[in-house]
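For the sequence shown, UniProt numbering gives the first residue as 1, with consecutive numbering after it.
Heads up: the structure comes next, in structure tokens.
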Amino acid sequence: MPSLFASYLRVYEPLTAFDRERQVFWRDYAREGRDMGLVEGPARQRTAVLEALGAGWTRLPDLPDEAYVLEWDGSVLVCPWNLRLRVAEAALSARDGVPAVLADAFVPPVLAGQAKAVVEDWRSGAKVLEQGVPRVHEQIATWGVPLRWFTFVDLEEREIALTGRRRVLRYRTEISKARRRAHRAVSTLRKSLGDAPITEAVEEGTRWLEEFHPRSVVELDYGGLVNLLPEDKLSEDDSPGLVSAGLSALSRGDAESASEAYEKLVARWRLVQLLERCN
1 MPSLFASYLR VYEPLTAFDR ERQVFWRDYA REGRDMGLVE GPARQRTAVL EALGAGWTRL
61 PDLPDEAYVL EWDGSVLVCP WNLRLRVAEA ALSARDGVPA VLADAFVPPV LAGQAKAVVE
121 DWRSGAKVLE QGVPRVHEQI ATWGVPLRWF TFVDLEEREI ALTGRRRVLR YRTEISKARR
181 RAHRAVSTLR KSLGDAPITE AVEEGTRWLE EFHPRSVVEL DYGGLVNLLP EDKLSEDDSP
241 GLVSAGLSAL SRGDAESASE AYEKLVARWR LVQLLERCN
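In structure tokens form, the structure reads like this:
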């Protein structure tokens with residue numbers, strides 16, 4: 001399971017993006033205030049998954065439908081958690097790189113088989129034929145922010161609050177803007193770098209954004225990382241600006257300026273990643 005020192009890339013979709021039954025459910029869910037906030041939500045997700053895996057390790061339980069709720073321009077949007085899929089993925093990842101005897105002790109073959117079936121059904125089951133590929137609304141990264149995520153947002157879209165008990169740093173933008181930025185980034189990277197890993201990573205993120213309703217909202221949330229960094233570093237953080245500057249430099253053929261922006265960005269986030277070794 002991801003550490004609470006994680007960042008999140010989320011997509012909130014309007015209710016019209018879901019089928020009629022889901023629309024009714026999420027509308028009631030939002031109206032009744034059953035959703036959990038962004039501060040408490042990640043811990044609740046983690047607890048729900050660990051509790052599900054700890055219940056005898058013999059089956060994947062049915063888990064409640066939960067989501068983050070966002071009011072945007074007078075509309076209700078939701079970012080479902082997909083907890084059953086999270087449990088299945090956690091069960092399989094717990095076996096990765098572990099000797100078979102230990103893997104079977106932690107995650108018995110029967111549970112692993114169920115988990116694999118859930119993940120495969122999510123991507124290629126009967127529902128896919130009827131409704132298209134199910135959407136995973138939240139991506140999670142531990143001990144840092146993937147640099148490709150910064151291509152989707154603009155520095156002017158930052159929301160920051162560092163006073164009081166709840167520290168927050170996040171970016172929110174319409175998905176149409178995120179898609180335009182992503183496509184421009186891919187075009188620039190492909191022309192300048194070709195099939196480099198960063199090009200493929202941004203392309204993958206761009207394809208993910210295309211899965212969602214055109215009136216969705218994209219959120220890049222620093223999550224628990226705000227508790228690792230001092231206030232001055234958070235206030236001065238201009239990572240989306242550095243990415244934008246680097247891409248602009250590449251587009252005009254200024255490799256030196258592009259490298260300078262990239263190296264500054266990598267160095268900044270490497271310091272955060274190194275904190276994992278101190279944990």
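Where is the CB? At the ideal position from N, CA and C, for every residue including glycine.
By Cβ distance below 6 Å, which residues in the same chain neighbour residue 205 in space, the five residues on each side in sequence not counted?
148
Are the CB atoms of residue 211 and residue 171 nearer to each other than 8 Å?
no
Taking the alpha carbon of residue 150 as the reference point, which residue from 273, 222, 63, 216 has its own alpha carbon closest?
222
Beta-carbon separation of residue 152 and residue 181 under 8 Å?
yes
Residue 161 - DSSP class collapsed to helix/strand/coil:
strand
Comparing alpha-carbon positions, which option in 4, 226, 109 lies nearest residue 269?
226
Selection from 242, 66, 236, 215 that minimises the alpha carbon distance to residue 72:
215
Do the segment 41–50 and the segment 183–197 meet, that is, are 3 or more Cβ pairs less than 8 Å apart?
no
Rounded to a whole number of angstroms, what is the C-alpha to C-alpha distance between residue 266 and residue 76?
36 Å
I need the DSSP call for residue 39, collapsed to helix, strand or coil.
coil
Apart from the five residues just before and just after residue 66, which ones in its own chain have a Cβ nearer than 6 Å to its Cβ?
81
My assumption, with CB atoms under 8 Å, is that residue 242 sits in contact with residue 264. Please give the rounded CB distance.
6 Å
Pull the bridge partners of residue 169 from the DSSP assignment, please.
160
Would you list the one or two residues that DSSP bridges to residue 153?
In the DSSP output, where bridge partners are listed per residue, residue 153 has none listed.
DSSP-derived helix/strand/coil call for residue 274
helix
Compute the distance between the beta-carbons of residue 192 and residue 250, then report whether it is under 8 Å.
yes
Simplified DSSP assignment, three categories, for residue 28:
helix
Quick check: residue 159 and residue 168, are their CB atoms within less than 8 Å of each other?
yes
Buried/exposed call for residue 166, threshold 16 Cβ in 10 Å
exposed
From what residue to what residue does the alpha helix (DSSP H) around residue 220 run?
Residue 220 -> not in any alpha helix (DSSP H); beta strand (DSSP E) instead, spanning 217–221.
What does residue 135 pair with, by DSSP beta-bridge criteria?
Answer by DSSP bridge pairing: none, since residue 135 is not bridged.
Spatial neighbours of residue 7 in its chain, beta-carbon cut-off 6 Å, leaving aside the 5 residues before and after:
141, 145, 222, 223, 225
Bridge partner(s) assigned by DSSP for residue 142
6
Would residue 199 be called buried (16 or more neighbouring beta carbons within 10 Å of its own) or exposed?
buried
Quick one: grab the DSSP three-state call for residue 109.
helix
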